[in-house]
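Peer 1: For the record, in the sequence shown the residue sitting at position 76 is 76 according to UniProt numbering, with numbers rising by one throughout.
There's a structure below that I have some questions on.
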Amino acid sequence: MSKKRVPIPKPKPGKLYAQYGRPDQHSRPSVVYVYDSRNMKCDSRVLMTALEEAPVFQGRTLCQELELRGYDITTLRFSIERRPE
Numbered sequence: 001m002s003k004k005r006v007p008i009p010k011p012k013p014g015k016l017y018a019q020y021g022r023p024d025q026h027s028r029p030s031v032v033y034v035y036d037s038r039n040m041k042c043d044s045r046v047l048m049t050a051l052e053e054a055p056v057f058q059g060r061t062l063c064q065e066l067e068l069r070g071y072d073i074t075t076l077r078f079s080i081e082r083r084p085e
């Protein structure tokens with residue numbers, strides 16, 4: 001990936017995003033998590049754990065397993081919205 005900044009989605013109310021990108025020129029490319037409020041920070045941590053920390057297959061994370069199976073992790077995009085109250 002080039003040093004060019006990859007646009008990260010703007011947080012929208014009640015929406016949680018995970019996207020491969022580069023939030024600024026000083027960061028290395030990685031999965032970036034975007035949420036609209038501090039109370040969603042713990043939700044983004046749950047998503048990060050599921051994608052990058054929790055072993056899902058023979059000790060590998062979901063991201064590692066997808067890459068091993070031939071998927072291009074740089075195209076990763078995930079979004080989910082809270083249910084209306």
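Even glycine gets a Cβ: it sits at the ideal position worked out from N, Cα and C.
Name the DSSP beta bridge partners of R60, please?
Peer 2: F57
Peer 1: In whole angstroms, what separates the C-alpha of S37 from that of P13?
Peer 2: 8 angstroms
Peer 1: Would T74 and Y17 qualify as a contact pair, given that the criterion is a beta-carbon distance under 8 angstroms?
Peer 2: no
Peer 1: To the nearest angstrom, how far is the alpha carbon of L47 from that of P55?
Peer 2: Cα-Cα distance, rounded: 13 angstroms.
Peer 1: Give the list of continuous beta strand (DSSP E) stretches no shorter than 3 residues that lie fully inside the region 11-74.
Peer 2: 15-21 and 30-34
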